[in-house]
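This report refers to the structure that appears directly beneath it.
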């Protein structure tokens, strides 16, 4: 089993002290023959508080076509209802109470959406770091496979050369033997 310093020197051409945390993590896992891939989303979801999950649900709902359609229907019903009730309307034209409701909704919804976006950005950063680790390990493993294939190819070439040399030696020995008997055919050794 290789050590982290050996792997760092061999594959990354770096001194172990120059490794980033992600590189060291990948090399440690490689040295231990452990997988790098893991379910980041599940771990991230388990860390969220109730407020975080509520904010995400509100942002998901507020950013959906269902919400837009429902809200448009609410606005139409509010407006038509107050116009139809005329003198008895609870929010007569110019719909000042509706303005207050819309402003309050916007004031609440904007920070909730921002909180959700901030969490999504953090999650994306964690995903990107994990993707880097997985890609780095895959790249190192591919380089190691290339080295193994090169080594196997070189060993096979050397074995073939040895076999060719043995066959050539056998041919030369047979030629000498045939000449000694006086029945030699044409010289096929090239010499």
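In the working numbering, the protein residues as written are 4 to 194. For each residue, glycine too, the CB sits at the ideal point set by N, CA and C. None of the values given here were measured: they were computed from a predicted structure.
8 Å contact criterion, which residue i and residue j should meet: CB distance rounded
{"i": "residue 119", "j": "residue 58", "result": "5 Å"}
{"i": "residue 34", "j": "residue 17", "result": "Going by Cβ atoms, the distance from residue 34 to residue 17 rounds to 15 Å, so no, they are not a contact pair."}
Neighbourhood of residue i by C-beta, 7 Å cutoff - its chain only, sequence neighbours within 5 removed
{"i": "residue 89", "result": "none"}
{"i": "residue 70", "result": "64"}
Span separating the alpha-carbon of residue i from that of residue j
{"i": "residue 26", "j": "residue 62", "result": "36 Å"}
{"i": "residue 83", "j": "residue 99", "result": "15 Å"}
{"i": "residue 138", "j": "residue 49", "result": "25 Å"}
{"i": "residue 95", "j": "residue 43", "result": "53 Å"}
{"i": "residue 163", "j": "residue 169", "result": "10 Å"}
{"i": "residue 151", "j": "residue 20", "result": "27 Å"}
{"i": "residue 56", "j": "residue 144", "result": "38 Å"}
{"i": "residue 23", "j": "residue 127", "result": "19 Å"}
{"i": "residue 79", "j": "residue 114", "result": "26 Å"}
{"i": "residue 54", "j": "residue 130", "result": "22 Å"}
{"i": "residue 77", "j": "residue 91", "result": "19 Å"}
{"i": "residue 157", "j": "residue 52", "result": "58 Å"}
{"i": "residue 67", "j": "residue 12", "result": "51 Å"}
Sequence-distant residues of the same chain with beta carbon closer than 6 Å to residue i, five excluded per side
{"i": "residue 38", "result": "none"}
{"i": "residue 87", "result": "none"}
Test item: CB-CB of residue i and residue j under 8 Å
{"i": "residue 3", "j": "residue 102", "result": "With the chain running from 4 to 194 in the structure shown, residue 3 is simply not present."}
{"i": "residue 7", "j": "residue 136", "result": "no"}
{"i": "residue 65", "j": "residue 112", "result": "yes"}
For residue i, three-class secondary structure by DSSP
{"i": "residue 5", "result": "coil"}
{"i": "residue 52", "result": "coil"}
{"i": "residue 47", "result": "helix"}
{"i": "residue 77", "result": "helix"}
{"i": "residue 106", "result": "helix"}
{"i": "residue 98", "result": "coil"}
Own chain, CB closer than 8 Å to residue i, minus 5 neighbours either side, in chain order
{"i": "residue 132", "result": "25"}
{"i": "residue 146", "result": "14"}
{"i": "residue 155", "result": "none"}
Residue-level contact to chain B via CB, residue i, 8 Å cutoff
{"i": "residue 99", "result": "Among the chains of the structure shown, chain B does not appear; only one protein chain is present."}
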